[in-house]
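Undergrad: The sequence shown begins at 2 in the numbering used here and counts up by one. Backbone N, C-alpha and C define an ideal beta-carbon position, used for all residues, glycine too. In this text, all values refer to a predicted model and were calculated from it rather than measured experimentally. Mind looking over this structure? Questions follow.
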Amino acid sequence: MPFGGNDWLALTREETLEPDIPICDPHHHFWDFRTQRIPYQRYLLHELADDVNSGHNVKSTVFIEARSMYRTDGPEEMRPVGEVEFVQGLAAASASGLYGPTKIAAAIVGHANLNLGDAVEPVLEALHAASPNRFRGIRHSVTWDPHPEVEITSAHRAEGQLLSDNFRAGARVLARMGMSLEAWMYFPQLPELADFAKAVPNLPIILNHIGGLLRVGPYANRDDEVLATWREGLAAVAECPNVNVKLGGVGMPRTGMDWHDRDTPIGSEELAESMAPFMNYCIEQFGPDRSMFESNFPVDKVGYSYHVMYNAFKRLSSGYSDSERASMFHDTAARVYKVED
Numbered sequence: 002m003p004f005g006g007n008d009w010l011a012l013t014r015e016e017t018l019e020p021d022i023p024i025c026d027p028h029h030h031f032w033d034f035r036t037q038r039i040p041y042q043r044y045l046l047h048e049l050a051d052d053v054n055s056g057h058n059v060k061s062t063v064f065i066e067a068r069s070m071y072r073t074d075g076p077e078e079m080r081p082v083g084e085v086e087f088v089q090g091l092a093a094a095s096a097s098g099l100y101g102p103t104k105i106a107a108a109i110v111g112h113a114n115l116n117l118g119d120a121v122e123p124v125l126e127a128l129h130a131a132s133p134n135r136f137r138g139i140r141h142s143v144t145w146d147p148h149p150e151v152e153i154t155s156a157h158r159a160e161g162q163l164l165s166d167n168f169r170a171g172a173r174v175l176a177r178m179g180m181s182l183e184a185w186m187y188f189p190q191l192p193e194l195a196d197f198a199k200a201v202p203n204l205p206i207i208l209n210h211i212g213g214l215l216r217v218g219p220y221a222n223r224d225d226e227v228l229a230t231w232r233e234g235l236a237a238v239a240e241c242p243n244v245n246v247k248l249g250g251v252g253m254p255r256t257g258m259d260w261h262d263r264d265t266p267i268g269s270e271e272l273a274e275s276m277a278p279f280m281n282y283c284i285e286q287f288g289p290d291r292s293m294f295e296s297n298f299p300v301d302k303v304g305y306s307y308h309v310m311y312n313a314f315k316r317l318s319s320g321y322s323d324s325e326r327a328s329m330f331h332d333t334a335a336r337v338y339k340v341e342d
């Protein structure tokens, strides 16, 4: 059976819904020679351009770090600067207009190890120097779970990083320098994020992928308990006005969906119906002005196409006002990442 791949995705074709709605896609990656068993070993400018030019009005995008193209020499803490250098080049190529009208990587989010505490400052300075006009902040994944069946995606594998003095010292440096933090964790860690966000109230925080919902492994077939815990944690985080949320990431198999295992890819009507309970709860808690639809491509591309995904977002948001939809599709992301498109 096919597992992702453009030929498989092409089996489901749809007309573009509401093609004039402006979109700022606040979350995608670039990489090459990926080692994981995924169908998208290469996802660079050509591949993203094919996706964003598939029918929707994507004005701009935001690159989010993915541990790609790190330097192979120099101080360990400085090696992630290579990723920002790499993406700055792709963004410059996009600005030529040869790849379409979308401002690809109009904002860039890199990585720095906040566990360095105050010593993270020269790393942040180097990241900014690598992209003075596009660099906006960092993502430091803190994913952690005690169950061995759950994949830990963090490069710095430790429990309770958000609660540590060193991490918080590094976060205060980030805030002082006017940068933002992407928060990627699993849903049992949401109370830690709420505590952290209150401790660093002047730091803009963007919660990735609806709060890291897990419905596989030890969390499979336990929706009553799992979703109650997720909702409670998400509500606590939403009380922190410095936190925004990204509406996406549900195409990852860890959310418990079977979309990547189908003979024919899911269509937008079914996808919208499946996503709506999760997305609507997030919007209810954070409000449209702190919510943004994200692609999380190519990670979510294992389950559905870019075109179908944004059709689904448009379907599930059809009950909101024009201004609320404008916030979720474009304006929230453009404000948070200081994008002019």
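Take the Cβ of M2 as the centre, count every other Cβ of all protein chains shown within 10 Å, and call the residue buried at 16 or more, exposed below.
TA: Low confidence applies here, because M2 scores a pLDDT of 32, under 50, leaving its location unreliable; read the following figure in that light. M2 is classed as exposed because its beta carbon has fewer than 16 other beta carbons within 10 Å across all chains shown.
Undergrad: Tell me, to the nearest whole angstrom, how far the beta carbon of P20 is from that of G56; I am working on the premise that it is less than 8 angstroms.
TA: 6 angstroms
Undergrad: What three-state label does DSSP hand K339 in the structure shown?
TA: coil
Undergrad: Checking 8 angstroms against the spacing of the C-beta atoms, do R135 and A92 come in under that value?
TA: The Cβ atoms of R135 and A92 lie closer than 8 angstroms to each other.
Undergrad: Using the Cβ count rule (16 or more neighbours within 10 Å means buried), how would you classify G111?
TA: buried
Undergrad: Among S324, L228, V217, A184, whose alpha-carbon lies nearest the alpha-carbon of F279?
TA: L228
Undergrad: Excluding the five sequence neighbours on either side, which residues of its own chain have a C-beta within less than 6 angstroms of the C-beta of R326, listed in chain order?
TA: S318.
Undergrad: Have a look at I172 and R158 and give me their C-alpha separation to the nearest angstrom.
TA: Note that residue 172 is Ala in the sequence shown here, rather than Ile. About 18 angstroms.
Undergrad: Let me know the secondary structure DSSP gives V217 once reduced to three states.
TA: coil
Undergrad: Name the residue from R72, N312, P27 whose alpha carbon lies nearest to the alpha carbon of A335.
TA: P27
Undergrad: Just verifying my parser: in three-state terms, what is the DSSP assignment at L248?
TA: strand
Undergrad: What is the residue span of the alpha helix (DSSP H) that L392 lies within?
TA: As shown, the chain starts at 2 and ends at 342. That puts residue 392 outside it, with no answer to give.
Undergrad: Would you check if the segment 215 to 232 and the segment 116 to 125 touch, i.e. whether three or more CB-CB distances between them fall below 8 angstroms?
TA: no
Undergrad: Can you give me the C-alpha to C-alpha distance between G257 and S61, rounded to a whole angstrom?
TA: 30 angstroms
Undergrad: How should T1 be labelled, buried or exposed, when 16 other C-beta atoms within 10 angstroms of its C-beta is the threshold for buried?
TA: Limits of the chain in this structure are 2 at one end and 342 at the other, which puts residue 1 out of reach.
Undergrad: Excluding the 5 residues flanking L204 on each side, which residues of the same chain have their C-beta closer than 8 angstroms to its C-beta?
TA: A172, R173, L175, A176, S181, L182, A198, N243
Undergrad: Looking at the unbroken beta strand (DSSP E) that takes in A239, where does it start and where does it end?
TA: No beta strand (DSSP E) holds A239; the alpha helix (DSSP H) holding it covers 224 to 239.
Undergrad: Quick check on the DSSP output: the beta strand (DSSP E) that includes K302 runs from which residue to which?
TA: Run containing K302: none; DSSP gives neither H nor E here.
Undergrad: Where L272 and A113 are concerned, what is the direct C-alpha to C-alpha distance, given to the nearest angstrom?
TA: 35 angstroms
Undergrad: Closest to E160 by C-alpha separation, out of A170, R169, P147, D166, would be which residue?
TA: P147
Undergrad: Mapping the DSSP letters down to three states, classify M276 as helix, strand or coil.
TA: helix
Undergrad: Using 8 angstroms as the threshold, is the C-beta distance between V309 and S269 below it?
TA: yes
Undergrad: For I284, does the three-state DSSP call read helix, strand or coil?
TA: helix
Undergrad: Run through the DSSP bridge pairs and tell me what E183 is partnered with.
TA: R140, I207
Undergrad: Can you name the start and end residues of the beta strand (DSSP E) that H129 belongs to?
TA: Per DSSP, H129 belongs to no beta strand (DSSP E); it is in the alpha helix (DSSP H), 122 to 131.
Undergrad: I need the DSSP call for P20, collapsed to helix, strand or coil.
TA: coil
Undergrad: Excluding the five sequence neighbours on either side, which residues of its own chain have a C-beta within less than 7 angstroms of the C-beta of D33, listed in chain order?
TA: R43, L45
Undergrad: According to DSSP, simplified to helix, strand and coil, what is M70?
TA: coil
Undergrad: Could you give the first and the last residue of the continuous beta strand (DSSP E) run that contains V63?
TA: Segment 58 to 65, the beta strand (DSSP E) holding V63.
Undergrad: Please identify the residue among P189, Q190, N58 whose C-alpha is closest to the C-alpha of D342.
TA: D342 has its Cα closest to that of N58, out of P189, Q190, N58.
Undergrad: Work out the CA separation of E78 and G249 for me, nearest whole Å.
TA: 30 angstroms
Undergrad: Relative to the alpha-carbon of G6, which residue among N312, F298, V151 has its alpha-carbon at the smallest distance?
TA: The shortest Cα separation from G6 among N312, F298, V151 belongs to F298.
Undergrad: For the alpha helix (DSSP H) containing A94, list its first residue and its last residue.
TA: 82 to 95
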